[in-house]
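Okay, structure first, notes after.
Residue numbers (my numbering), protein chains in the order written: chain B, 1 to 119; chain G, 1001 to 1112.
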């Protein structure tokens, strides 16, 4: 059974950094691309980033490019999102999602981790 | 980037009646491999999103057959044949054909 547990969120001041983690289990982590998707309060879903199964390819959404870095440690079955230069508009619940075999997102999502950017 | 435009943004519906949501993309969503990666999701407050439909019209396991997806190219529709109370939530279309992947603005489905 696929399980994804996000952590690392919290309240942080604008301009500061956080590192989000996603512990994965129940599937062969190194075989799957992994995504981060966020949901801002009162706003819609936003795709944040993806990393290929071996970490060789990464893509980012325009609003986070240059400030966020996605990475993974296949030996630890863990996905990361380094979030730097945080802005108020980055306040959101961040979800990690496994890439499904058919090419899109898998239907197993964790509960997410809340990042609140506030002075 | 591909812009996904959903209409309507709010849809008050009567229980037992049909509902449909339109999603239009700013570019053709047919991938070079011939697939069209258009997905429908529903999000309820306090819960992670749930995937309903993949590749235009394929229901995910456990999704009731009152949900159906259709369309091609740049125009897509999610239809609920007979709305039930548990169907309330915000529905999103999402394209996964071109990076960066993008979502529609969301359509709030509520019961009249």
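Where is the CB? At the ideal position from N, CA and C, for every residue including glycine.
Expressed to the nearest angstrom, what Euclidean distance is found between the alpha-carbon atoms of residue i and residue j?
{"i": "residue 24 of chain B", "j": "residue 47 of chain B", "result": "19 Å"}
{"i": "residue 1028 of chain G", "j": "residue 1084 of chain G", "result": "33 Å"}
{"i": "residue 1036 of chain G", "j": "residue 1067 of chain G", "result": "18 Å"}
{"i": "residue 1079 of chain G", "j": "residue 1003 of chain G", "result": "21 Å"}
{"i": "residue 33 of chain B", "j": "residue 14 of chain B", "result": "30 Å"}
{"i": "residue 107 of chain B", "j": "residue 50 of chain B", "result": "16 Å"}
{"i": "residue 99 of chain B", "j": "residue 6 of chain B", "result": "16 Å"}
{"i": "residue 64 of chain B", "j": "residue 21 of chain B", "result": "17 Å"}
{"i": "residue 37 of chain B", "j": "residue 1082 of chain G", "result": "30 Å"}
{"i": "residue 1094 of chain G", "j": "residue 1013 of chain G", "result": "23 Å"}
{"i": "residue 1008 of chain G", "j": "residue 1072 of chain G", "result": "19 Å"}
{"i": "residue 116 of chain B", "j": "residue 1046 of chain G", "result": "16 Å"}
For residue i, decide whether its Cβ has a neighbour in chain B, counting only Cβ atoms nearer than 8 Å.
{"i": "residue 1100 of chain G", "result": "yes"}
{"i": "residue 1076 of chain G", "result": "no"}
{"i": "residue 1048 of chain G", "result": "yes"}
{"i": "residue 1087 of chain G", "result": "no"}
{"i": "residue 1092 of chain G", "result": "yes"}
{"i": "residue 1001 of chain G", "result": "yes"}
{"i": "residue 1055 of chain G", "result": "yes"}
{"i": "residue 1039 of chain G", "result": "yes"}
{"i": "residue 1096 of chain G", "result": "yes"}
{"i": "residue 1051 of chain G", "result": "yes"}
{"i": "residue 1103 of chain G", "result": "yes"}
What distance in whole Å lies between the Cβ atoms of residue j and residue i, which are believed to be in contact at a cut-off of 8 Å?
{"i": "residue 79 of chain B", "j": "residue 93 of chain B", "result": "Wrong, their Cβ atoms sit about 16 Å apart, outside the cutoff."}
{"i": "residue 104 of chain B", "j": "residue 1054 of chain G", "result": "6 Å"}
{"i": "residue 1023 of chain G", "j": "residue 1043 of chain G", "result": "The Cβ separation is near 15 Å, so there is no contact."}
Would you mind reading off the limits of the beta strand (DSSP E) that contains residue i?
{"i": "residue 1068 of chain G", "result": "1067 to 1072"}
{"i": "residue 35 of chain B", "result": "34 to 39"}
{"i": "residue 1010 of chain G", "result": "1010 to 1013"}
{"i": "residue 108 of chain B", "result": "105 to 109"}
{"i": "residue 1054 of chain G", "result": "1050 to 1054"}
{"i": "residue 18 of chain B", "result": "18 to 25"}
{"i": "residue 1005 of chain G", "result": "1004 to 1007"}
{"i": "residue 54 of chain B", "result": "Taken as a continuous stretch (DSSP letters only), residue 54 of chain B belongs to no beta strand (DSSP E), as it is neither H nor E."}
Please confirm whether residue i has its beta-carbon closer than 8 Å to some beta-carbon of chain G.
{"i": "residue 94 of chain B", "result": "no"}
{"i": "residue 110 of chain B", "result": "yes"}
{"i": "residue 79 of chain B", "result": "no"}
{"i": "residue 103 of chain B", "result": "yes"}
{"i": "residue 107 of chain B", "result": "yes"}
{"i": "residue 47 of chain B", "result": "yes"}
{"i": "residue 42 of chain B", "result": "no"}
{"i": "residue 20 of chain B", "result": "no"}
Do residue i and residue j have their C-beta atoms closer together than 8 Å?
{"i": "residue 1011 of chain G", "j": "residue 1107 of chain G", "result": "yes"}
{"i": "residue 1092 of chain G", "j": "residue 1076 of chain G", "result": "no"}
{"i": "residue 1038 of chain G", "j": "residue 1049 of chain G", "result": "no"}
{"i": "residue 1109 of chain G", "j": "residue 1088 of chain G", "result": "yes"}
{"i": "residue 1100 of chain G", "j": "residue 95 of chain B", "result": "no"}
{"i": "residue 86 of chain B", "j": "residue 17 of chain B", "result": "yes"}
{"i": "residue 171 of chain B", "j": "residue 71 of chain B", "result": "Not covered by the structure: residue 171 of chain B. The range shown for chain B is 1 to 119."}
Please list, in chain order, the chain A residues whose beta carbon lies closer than 7 Å to that of residue i.
{"i": "residue 1035 of chain G", "result": "No chain A is part of this structure, whose protein chains are labelled B and G."}
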